[in-house]
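Novice: For the sequence shown, this note's numbering begins at 10 and goes up steadily by one. A single structure is presented below for examination.
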Amino acid sequence: MFRYAKELLLIIYLLLYAEYYIDRLNAIGLGFPVLLFGAMFLALTLALYLTAYIRQTLIRHVFALAMFASAVFFDVYTRVTADYLSYSSFVSLVYSGGFIQEAAYQYRDAILHGALNGLLLLFGIGLKPRHGLSIPNALRVAAPLCGVLLLSAVLFLRAGEGARGLPIMYTPLAYLNLFTYEALHNTVGPREPVTLARNSQAVGHDIVLIIDESISGNYLDINAPFGVHSNLKQAHPGVDIFNYGYAASIANCSADTNVTLRYGGTRADYMRINSTLPSIWQYAKKAGLRTVYIDAQRTAGNLQNLMTDTEKKDIDQFVQFDQTSVRDRDMAAAAKLIELLNDDTPELVVINKVGAHFPVHDKYPDAFMAYRPTLPRGQFTEVADTGERTGFNGQPDDWVLYRNAYKNTLLWNVGEFFARVFAQANLNNALLIYTSDHGQDLHERGNPGLNTHCGGDPVEEEGLVPLVVIQGSGLKTLDWPAQLAANKDRSSHYNIFPTLLQLMGYDLAAIEAVYGKPLSVATADEFTFNYRFNARLGAKPEWKHIDLGSIVTPTQAPASVAAGQ
Numbered sequence: 010m011f012r013y014a015k016e017l018l019l020i021i022y023l024l025l026y027a028e029y030y031i032d033r034l035n036a037i038g039l040g041f042p043v044l045l046f047g048a049m050f051l052a053l054t055l056a057l058y059l060t061a062y063i064r065q066t067l068i069r070h071v072f073a074l075a076m077f078a079s080a081v082f083f084d085v086y087t088r089v090t091a092d093y094l095s096y097s098s099f100v101s102l103v104y105s106g107g108f109i110q111e112a113a114y115q116y117r118d119a120i121l122h123g124a125l126n127g128l129l130l131l132f133g134i135g136l137k138p139r140h141g142l143s144i145p146n147a148l149r150v151a152a153p154l155c156g157v158l159l160l161s162a163v164l165f166l167r168a169g170e171g172a173r174g175l176p177i178m179y180t181p182l183a184y185l186n187l188f189t190y191e192a193l194h195n196t197v198g199p200r201e202p203v204t205l206a207r208n209s210q211a212v213g214h215d216i217v218l219i220i221d222e223s224i225s226g227n228y229l230d231i232n233a234p235f236g237v238h239s240n241l242k243q244a245h246p247g248v249d250i251f252n253y254g255y256a257a258s259i260a261n262c263s264a265d266t267n268v269t270l271r272y273g274g275t276r277a278d279y280m281r282i283n284s285t286l287p288s289i290w291q292y293a294k295k296a297g298l299r300t301v302y303i304d305a306q307r308t309a310g311n312l313q314n315l316m317t318d319t320e321k322k323d324i325d326q327f328v329q330f331d332q333t334s335v336r337d338r339d340m341a342a343a344a345k346l347i348e349l350l351n352d353d354t355p356e357l358v359v360i361n362k363v364g365a366h367f368p369v370h371d372k373y374p375d376a377f378m379a380y381r382p383t384l385p386r387g388q389f390t391e392v393a394d395t396g397e398r399t400g401f402n403g404q405p406d407d408w409v410l411y412r413n414a415y416k417n418t419l420l421w422n423v424g425e426f427f428a429r430v431f432a433q434a435n436l437n438n439a440l441l442i443y444t445s446d447h448g449q450d451l452h453e454r455g456n457p458g459l460n461t462h463c464g465g466d467p468v469e470e471e472g473l474v475p476l477v478v479i480q481g482s483g484l485k486t487l488d489w490p491a492q493l494a495a496n497k498d499r500s501s502h503y504n505i506f507p508t509l510l511q512l513m514g515y516d517l518a519a520i521e522a523v524y525g526k527p528l529s530v531a532t533a534d535e536f537t538f539n540y541r542f543n544a545r546l547g548a549k550p551e552w553k554h555i556d557l558g559s560i561v562t563p564t565q566a567p568a569s570v571a572a573g574q
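Structure (structure tokens):
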């Protein structure tokens, strides 16, 4: 029995995913394609078998660990999202690597399950062979490399498609091959300097872009009858608030949206623009503004959202909160923003808030636990970007707890954030634009999965974000009321960068020719978000249209809760 333990472990492991293989066969149907699929499946399975019989222990163990990690990665993704791991999704996950710690805690049950399954593969390859093969050892060593290269070639020729239904341990490794190839052959071009025409007068007021994290537009009181108290709905002395209602995000993944907000990519040309045209910092400095970036999400100078050291050189002040707990970082960001608004220096300030990215167990104080019952609390309050999720397995009752914790987080990180800004900041000479990087799938419809965003088959709410302009009442910038009615519930993130440039004094016609329409004109936006942002190798982006008639909003809560009391 033990003589064939390796073979038995590998067979059991492959059989665990029998439904995955059968689903693919059913999708292909009868015909020549199924023969090609069968040949590919057999070739990869044979390569796996030969890998398990590599004579040198160290080499065999290296391949075992690589295939184990790859298989667990694929398994966990499918468990969390209830969807297939496409190449575009893989690239988005690589770019969102800054959130790996949160994801590890949020989805630890899925990771544990995937790892336990993967142990069969790990030991199936890693155990010492009990009998020999007549095949030369050099061919056994070459087998896994050839398997990955073969699949990589197929994926390259088919724009990232072609791995569905095949043994899962090869897929992420082949994706990594493609990603590395693209990184080495990125020939988009050098970054260009600012060339847009603008008036010669320096900007004399602050411009602030507040990018919240995972704040879904349908959960705030400015858009939904029973939304969470945001402090943006009521009037504040000396301030004008223009609510553009629901807006479409750029994408349903953080990095994709953030890099495009900083570089101004359009739906039609975002890859070239994001890679070669000037950043918002460069435009701001050309307009005479001091530049400040407040990153409440990361610490120790770590960069995220595809920001590079080269981009950072155009930021005059780079702010993070190394000694502040996760729960209090948005309040620290508010305090820093208040300081900047009160310093009488014209600045461009861009903020990445903590917001409501998972896990949401401990992202609010006990005093803001207005919505109950909620997720278990207290285990990771002082640990950066982590949280306990005991017993959460994505069932409807679990999502009720999650949604309550999410709403409590909004009371704190949105409602209290703006309460402090309105109470303490001098907004007379400031223009603020507030939005979020993407929305959330909080599984109100009972759809399967554990993920809240960044999936390959998103619900509409994943791309639904707030869009609000806040301005000192005496400040004269753009004519916001002129197009407010026309643009409300009809605009998107793609209108923000042109708006920022117009606020900086750049020529409107020149802006529109490159970056599209600002909020000062009728946007006529397509109201779609991109869920295949990293379309590679000839693949095309995938756009999801948001039908506001189908959006799910929170149900009624007691008046004291709805007001955040």
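We put the beta carbon where it would ideally sit given N, CA and C, even for glycine.
1) At a cut of 8 angstroms, does the stretch 493 to 513 reach the stretch 264 to 278 through at least three beta carbon pairs?
2) Going by DSSP, what residue range makes up the alpha helix (DSSP H) through Gly558?
3) Under the DSSP definition of a beta bridge, which residues are partnered with Leu451?
4) Do Ala341 and Phe330 have their C-beta atoms within less than 8 angstroms of each other?
5) Taking 8 angstroms as the threshold (C-beta atoms), are Ile520 and Phe536 in contact?
6) Does the Cβ-Cβ distance between Leu229 and Val423 come in under 8 angstroms?
7) To the nearest whole angstrom, what separates the beta carbons of Arg429 and Ala305, a pair I think is in contact under 8 angstroms?
8) If Leu410 sits next to Thr383, beta carbons under 8 angstroms apart, how far is it from one beta carbon to the other, in whole angstroms?
9) For Val139, is the classification buried or exposed, using 16 other Cβ atoms within 10 angstroms of its Cβ as the cut-off for buried?
10) Alpha carbon to alpha carbon, what distance is there between Ala14 and His70?
11) In the DSSP assignment, what residue or residues form a beta bridge with Val217?
12) State whether the stretch 26 to 39 contacts the stretch 173 to 192, with contact taken as three or more CB pairs (one from each stretch) at a distance under 8 angstroms.
13) With a cut-off of 8 angstroms, does the C-beta of Asp304 fall near any C-beta of chain B?
14) Rounded to a whole number of angstroms, what is the C-alpha to C-alpha distance between Leu419 and Ser284?
15) Within this structure, are the beta carbons of Gln492 and Glu470 separated by less than 8 angstroms?
16) Can you list, in chain order, the residues of its chain whose CB lies under 6 angstroms from that of Glu425, leaving out five sequence neighbours each side?
17) First and last residue of the alpha helix (DSSP H) that includes Ala257?
18) Give me whichever residues DSSP pairs with Phe538 in a beta bridge.
19) Roughly how far, in whole angstroms, is the beta-carbon of Tyr373 from the beta-carbon of Arg338, given that I think they are within contact range, below 8 angstroms?
20) Within the continuous alpha helix (DSSP H) that includes Thr180, where are the two ends?
21) Our contact map puts Lys362 next to Ile220 with C-beta atoms below 8 angstroms; I'd like the distance itself, whole angstroms only.
22) Check Phe235 in the structure and name its three-state DSSP category.
23) Where does Thr275 fall in DSSP's three states?
24) I'd like the span of the alpha helix (DSSP H) that includes Asp304, first residue to last.
25) In angstroms, rounded to a whole number, what distance separates the CA positions of Leu187 and Phe99?
26) For Asn351, which residues from the same chain have a beta carbon less than 6 angstroms from its beta carbon, with the 5 sequence-adjacent residues on both sides left out?
27) Report the rounded CA-to-CA distance for Ala78 versus Lys485, giving the unit in angstroms.
28) How many Å lie between Thr54 and Ile21 at the Cα?
29) Tell me which residue opens and which closes the alpha helix (DSSP H) that Pro382 is part of.
30) Taking the alpha-carbon positions, what's the Cys463 to Ser143 distance?
31) Please look up how many angstroms separate the CB atoms of Glu453 and Gly364, rounded, as I've assumed it's under 8 angstroms.
32) Kindly indicate which three-state DSSP category Ala260 falls into: helix, strand or coil?
33) So does the stretch 126 to 138 actually touch the stretch 157 to 164, counting three or more Cβ pairs closer than 8 angstroms?
34) Roughly how many whole angstroms lie between the Cα atoms of Glu551 and Ala257?
35) Would the stretch 531 to 548 count as touching the stretch 287 to 302 if we require 3 or more Cβ pairs under 8 angstroms?
36) Just verifying my parser: in three-state terms, what is the DSSP assignment at Phe462?
Specialist: By the coordinates alone:
1) yes
2) Here residue 558 refers to the residue found at position 549 when the sequence shown is read from its first residue. No alpha helix (DSSP H) contains Gly558, which DSSP labels as neither H nor E.
3) For the purposes of this step, residue 451 is taken as the residue at position 442 of the sequence shown. In the DSSP output, where bridge partners are listed per residue, Leu451 has none listed.
4) In the sequence shown, counting from the first residue as 1, residue 341 sits at position 332. In the sequence shown, counting from the first residue as 1, residue 330 sits at position 321. By the CB criterion at 8 angstroms, Ala341 and Phe330 fall inside the cutoff.
5) Position 527 of the sequence shown, counting from 1, holds the residue named residue 536. Position 511 of the sequence shown, counting from 1, holds the residue named residue 520. For Phe536 and Ile520, no; Cβs fall outside 8 angstroms.
6) On the sequence shown, position 220 is the one that residue 229 refers to. On the sequence shown, position 414 is the one that residue 423 refers to. Yes, these two residues count as a Cβ contact at 8 angstroms.
7) Here residue 429 refers to the residue found at position 420 of the sequence shown. Here residue 305 refers to the residue found at position 296 of the sequence shown. Not really, about 14 angstroms apart at Cβ, beyond 8 angstroms.
8) As a position in the sequence shown, residue 410 is number 401, starting the count at 1. As a position in the sequence shown, residue 383 is number 374, starting the count at 1. Leu410 to Thr383, Cβ: 6 angstroms. Contact.
9) Reading the sequence shown from its first residue, position 130 is the one you call residue 139. Here residue 139 turns out to be Arg, not Val, going by the sequence shown. With fewer than 16 Cβ atoms within 10 Å of its Cβ, Arg139 is classed as exposed.
10) Working through the sequence shown from its first residue, we reach residue 70 at position 61. Working through the sequence shown from its first residue, we reach residue 14 at position 5. Their backbone Cα atoms lie some 16 angstroms apart in a straight line.
11) Taking the first residue of the sequence shown as position 1, residue 217 is located at position 208. BP columns for Val217 point to Val358 and Leu441.
12) The stretch 26 to 39 is in contact with the stretch 173 to 192.
13) Among the chains in the structure shown there is no chain B, since it carries only a single protein chain.
14) Locating residue 419 in the sequence shown gives position 410, where the first residue counts as 1. Locating residue 284 in the sequence shown gives position 275, where the first residue counts as 1. Rounded to whole angstroms, Leu419 to Ser284 spans 34 angstroms at the Cα level.
15) On the sequence shown, position 483 is the one that residue 492 refers to. On the sequence shown, position 461 is the one that residue 470 refers to. The answer is no: Cβ separation not under 8 angstroms.
16) If you number the sequence shown from 1, residue 425 lands on position 416. Once the five neighbours on either side are set aside, Glu425 has no close Cβ partner at all.
17) Here the question's residue 257 lines up with position 248 in the sequence shown. Run containing Ala257: none in the alpha helix (DSSP H); it sits in the beta strand (DSSP E), Val248 to Ala257.
18) In the sequence shown, residue 538 corresponds to position 529, counting from 1. Answer by DSSP bridge pairing, in chain order: Lys553.
19) Working through the sequence shown from its first residue, we reach residue 373 at position 364. Working through the sequence shown from its first residue, we reach residue 338 at position 329. Rounded, the Cβ-Cβ distance is 12 angstroms, inconsistent with contact.
20) Here the question's residue 180 lines up with position 171 in the sequence shown. Per DSSP, Thr180 belongs to the alpha helix (DSSP H) from Thr180 to Leu193.
21) Residue numbering aside, residue 362 sits at position 353 when the sequence shown is read from its first letter. Residue numbering aside, residue 220 sits at position 211 when the sequence shown is read from its first letter. Confirmed, about 7 angstroms.
22) Within the sequence shown, residue 235 is the residue found at index 226, counting from 1. Three-state DSSP puts Phe235 in coil, outside helix and strand.
23) As a first step, residue 275 must be located in the sequence shown, where it is residue number 266. Of the three classes helix, strand and coil, the one that applies to Thr275 here is coil, per DSSP.
24) Here the question's residue 304 lines up with position 295 in the sequence shown. Where Asp304 is concerned, there is no enclosing alpha helix (DSSP H), although the beta strand (DSSP E) around it starts and stops at Arg299 to Asp304.
25) As a first step, residue 187 is located in the sequence shown; it is residue number 178 there, counting from the start. As a first step, residue 99 is located in the sequence shown; it is residue number 90 there, counting from the start. Straight-line Cα distance between these residues: approximately 11 angstroms.
26) Your numbering for residue 351 matches position 342 in the sequence shown. The answer, listed in chain order, is Asn435.
27) Here residue 78 refers to the residue found at position 69 when the sequence shown is read from its first residue. Here residue 485 refers to the residue found at position 476 when the sequence shown is read from its first residue. Roughly 56 angstroms between the two C-alpha positions.
28) For the purposes of this step, residue 54 is taken as the residue at position 45 of the sequence shown. For the purposes of this step, residue 21 is taken as the residue at position 12 of the sequence shown. Straight-line Cα distance between these residues: approximately 13 angstroms.
29) In the sequence shown, residue 382 corresponds to position 373, counting from 1. Boundaries cannot be given for Pro382, as no alpha helix (DSSP H) includes it and DSSP labels it neither H nor E.
30) In the sequence shown, the residue the question calls residue 463 occupies position 454. In the sequence shown, the residue the question calls residue 143 occupies position 134. One C-alpha to the other measures close to 47 angstroms.
31) Position 444 of the sequence shown, counted from the first residue, corresponds to residue 453. Position 355 of the sequence shown, counted from the first residue, corresponds to residue 364. Between Gly364 and Glu453 the Cβ distance is about 19 angstroms, and since that is not below 8 angstroms, they are no contact.
32) For the purposes of this step, residue 260 is taken as the residue at position 251 of the sequence shown. Note: Ala260 maps to strand in three-state DSSP.
33) Too few Cβ pairs lie closer than 8 angstroms, so no.
34) Position 542 of the sequence shown, counting from 1, holds the residue named residue 551. Position 248 of the sequence shown, counting from 1, holds the residue named residue 257. Distance between the alpha carbons of Glu551 and Ala257: 14 angstroms.
35) The answer is no - the stretch 287 to 302 does not touch the stretch 531 to 548, with fewer than three Cβ pairs under 8 angstroms.
36) As a first step, residue 462 must be located in the sequence shown, where it is residue number 453. In the sequence under discussion, the amino acid at residue 462 is His, which differs from the Phe named in the question. The DSSP-derived three-state label of His462 is coil.
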